[in-house]
Amino acid sequence: MSGWPLWEVFVRPRRGLAHGHVGSLHAPDAEMALRNARDVYTRRQEGVSIWVVSAAAITASSPDEKDAFFDPAADKVYRHPTFYDVPEGAKHL
Amino acid sequence: MDDALLTQVEAAESDLRTAAAARLAASTFDEVIAADQKIEPRDAMPEAYRKTLIRQIAQHAHSEIIGMQPEGNWISRAPSLKRKAILLAKVQDEAGHGLYLYAAAETLGVSRADLVDALLDGRQKYSSIFNYPTLTWADVGAIGWLVDGAAIVNQVPLCRCSYGPYARAMIRVCKEESFHQRQGYEILHTLAHGTEAQHAMAQDALDRWWYPSLAMFGPPDADSTHSERSMAWKIKRFSNDELRQRFVDMCVGQAEILGLRIPDDGLRWNEQRGAYDFTAPDYAELMRVIKGDGPCNRQRIEHRRRAHAEGAWVREAAEAYARKHATATVAA
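For the protein sequence lines, the chains are A and B, in the order given.
If you want our numbering, it's the position in the first sequence, counting the first as 1, plus 297.
Every letter in the second sequence is one number past the one before it in our numbering, and letter 81, counting from 1, is 79.
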């Protein structure tokens, strides 16, 4: 078991919703990971579809880079519709 | 209690979202903790915080895994097919809870294999309660009602724990535990309202499980070594004694409905405190059991070691299959 890779598990709760991360598990291959994910994460009809992704295949942003990554979006309020004054009487905007 | 329990879990979930929405000026460890936001796996955290969490989450995971044994003992002898199916589902849940928790611990940089080794060679502990034997079918009921009940009282506040993966695992666990507690209560209720012998069996189970269940909350506050720092870090939200009191206050009414007597002559309502006075469990016994000298300590660990060793061929076969399959894919 020590050598078994880690898999991240994503479940689509219902038709129409996106897959969301629910947890992780170890398994020797993708097929077993999928079967184990069924047993561990969907014992109570929590999902209609499961993805398993090898954790090694995920590239994540680092918390250290958080500011450099996300701060540039902070001062661009004009990206939100609420930034704009809508003249009185203008419809369908 | 159960409605209240699920309401509390949902409140914890919604507070989590509210706190997460607040924008922090800076996100250092102390500021995140102060704002009731969550620390996530790759965030900077004090080494002692990381170690405390690993110890606590691993011990919790081990308890789920060892906790399968006392009840597993009754699967083949459950009194009906319905009870057997329910018990199987419950024991399978315990395995699932162990896995959620091992996965949460691994986000702190330990490997599951090392944690399993630490359990098997005794370096890490599990809850003292699972070192008591399940002598009769009524014990399965008592475990659901009292042991899972005490675990829930302990665990609901952990849904608000400052470490994100642990808090999220606890939300899942608590939602599932509520079925465990109800099924145990139902078993005892059926027995307590059955024949005289069945009633006596239910009472005997309560007599034996009451004090060990009270001891599950750990030593009294004055002697609790890790409590204060864990409270400051918001890993823990209430003291051992506060949670024990909450559990006793909950159980009194439930025992009355069962028609069973809590084995405590000192149990009485205290108007001033607005809570029940009760006799404390034998903490010296708790320490003895934690140190390895309970009725079933050796049996539990031996069984776990044997199951682990006897499962080796399954793990090896799965690995061999994966290797063969991977080679075949490359060749094609």
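By construction, the Cβ of each residue, glycine as well, lies at the ideal position given by its N, Cα and C atoms.
Measure the C-alpha to C-alpha separation of residue i and residue j and round it to an integer number of angstroms.
i: D34 of chain B; j: Y161 of chain B; result: 10 Å
i: M43 of chain B; j: S321 of chain A; result: 22 Å
i: I31 of chain B; j: W231 of chain B; result: 7 Å
i: A334 of chain A; j: V349 of chain A; result: 8 Å
i: A354 of chain A; j: M214 of chain B; result: 41 Å
i: G142 of chain B; j: K373 of chain A; result: 55 Å
i: A149 of chain B; j: A326 of chain B; result: 48 Å
i: A370 of chain A; j: R166 of chain B; result: 28 Å
i: D28 of chain B; j: K36 of chain B; result: 11 Å
i: Y183 of chain B; j: A56 of chain B; result: 28 Å
i: Y47 of chain B; j: A387 of chain A; result: 56 Å
i: Q243 of chain B; j: E8 of chain B; result: 23 Å
i: A18 of chain B; j: T134 of chain B; result: 47 Å
i: A253 of chain B; j: E269 of chain B; result: 20 Å
i: F380 of chain A; j: L390 of chain A; result: 13 Å
i: H301 of chain B; j: Q342 of chain A; result: 32 Å
i: S12 of chain B; j: M199 of chain B; result: 42 Å
i: F177 of chain B; j: G251 of chain B; result: 19 Å
i: R227 of chain B; j: L156 of chain B; result: 15 Å
i: K324 of chain B; j: L189 of chain B; result: Checking the sequence shown, residue 324 of chain B turns out to be Ala, not Lys. Answer to the nearest angstrom: the Cα atoms are 54 Å apart.
i: M(-1) of chain B; j: T223 of chain B; result: Because M(-1) of chain B carries a pLDDT of 44, less than 50, the predicted location of this residue cannot be relied on, and the following value inherits that uncertainty. Near 30 Å, if we compare the C-alpha coordinates of T223 of chain B and M(-1) of chain B.
i: P378 of chain A; j: E385 of chain A; result: 16 Å
i: K173 of chain B; j: A2 of chain B; result: 12 Å
i: V319 of chain A; j: V337 of chain A; result: 10 Å
i: D115 of chain B; j: L4 of chain B; result: 35 Å
Determine, using beta carbons only, whether residue i and residue j come nearer to each other than 7 Å.
i: R170 of chain B; j: Y98 of chain B; result: yes
i: G139 of chain B; j: I185 of chain B; result: yes
i: D219 of chain B; j: D239 of chain B; result: yes
i: Q179 of chain B; j: G147 of chain B; result: yes
i: P310 of chain A; j: G344 of chain A; result: yes
i: L144 of chain B; j: S211 of chain B; result: yes
i: A111 of chain B; j: D326 of chain A; result: no
i: A324 of chain A; j: A315 of chain A; result: no
i: D202 of chain B; j: P261 of chain B; result: no
i: P293 of chain B; j: P131 of chain B; result: yes
i: P360 of chain A; j: D263 of chain B; result: no
i: G70 of chain B; j: F128 of chain B; result: no
i: V339 of chain B; j: Q297 of chain B; result: An answer regarding residue 339 of chain B cannot be provided, because it is not within the stretch -1 to 330 covered by chain B.
i: H197 of chain B; j: L256 of chain B; result: no
Count the other CB atoms, across all protein chains shown, that sit within 10 Å of the CB of residue i; report buried if there are 16 or more and exposed otherwise.
i: F276 of chain B; result: buried
i: L14 of chain B; result: buried
i: S61 of chain B; result: buried
i: S358 of chain A; result: exposed
i: H191 of chain B; result: exposed
i: D137 of chain B; result: buried
i: E308 of chain B; result: exposed
i: E305 of chain A; result: buried
i: L22 of chain B; result: exposed
i: W267 of chain B; result: exposed
i: D91 of chain B; result: buried
i: V383 of chain A; result: exposed
i: K80 of chain B; result: exposed
i: H58 of chain B; result: buried
i: Y375 of chain A; result: exposed
i: G216 of chain B; result: buried
i: E45 of chain B; result: exposed
Residues of chain B with a CB under 7 Å from the CB of residue i: which are they?
i: V349 of chain A; result: Neighbours of V349 of chain A on chain B: none; closest Cβ ~13 Å, over 7 Å.
Could you tell me which chain A residues have their CB closer than 7 Å to the CB of residue i, listed as they occur along the chain?
i: H323 of chain B; result: D326
i: A9 of chain B; result: Ordered by position in chain A, no residue passes the 7 Å Cβ test against A9 of chain B, which lies about 21 Å from the chain.
Tell me, to the nearest whole angstrom, how far the beta carbon of residue i is from that of residue j; I am working on the premise that it is less than 8 Å.
i: L284 of chain B; j: Y164 of chain B; result: In fact, because the Cβ distance is near 24 Å, the residues do not count as touching under 8 Å.
i: S126 of chain B; j: I288 of chain B; result: 5 Å
i: F245 of chain B; j: V151 of chain B; result: 5 Å
i: R158 of chain B; j: R235 of chain B; result: 6 Å
i: L118 of chain B; j: Y124 of chain B; result: Contact flag wrong, Cβ pair sits at about 11 Å.
i: R398 of chain A; j: G96 of chain B; result: Outside the modelled stretch of chain A, which goes from 298 to 390, sits residue 398 of chain A, for which no answer is possible.
i: D280 of chain B; j: Y209 of chain B; result: 7 Å
i: I233 of chain B; j: Q54 of chain B; result: 7 Å
Name, please, each residue of chain B whose Cβ falls closer than 8 Å to the Cβ of residue i.
i: V337 of chain A; result: G94, L97 and Y98
i: G317 of chain A; result: What G317 of chain A touches in chain B: nothing, since even the nearest Cβ is about 11 Å away.
Would you mind telling me which residues of chain A sit closer than 8 Å to residue i, beta carbon to beta carbon, in chain order?
i: A320 of chain B; result: P325, D326 and M329
i: R40 of chain B; result: A357, S359 and P360
i: A307 of chain B; result: Within chain A, no residue comes near A307 of chain B; the closest Cβ sits about 13 Å away, beyond 8 Å.
i: E317 of chain B; result: G300, W301 and P325
What residues of chain B sit near residue i, judged by a beta carbon separation below 9 Å?
i: R340 of chain A; result: A87, Q90, D91, G94 and E174
i: G344 of chain A; result: Neighbours of G344 of chain A on chain B: none; closest Cβ ~13 Å, over 9 Å.
i: R320 of chain A; result: Checking the displayed sequence, the identity of residue 320 of chain A turns out to be Gly instead of Arg. Per Cβ cutoff of 9 Å: L97, Y98, A101, A102, P163, R166, A167 and R170.
7 Å is my cut-off, CB to CB: does residue i come that close to chain E?
i: A305 of chain B; result: Looking for chain E here will not work: the only protein chains present are A and B.
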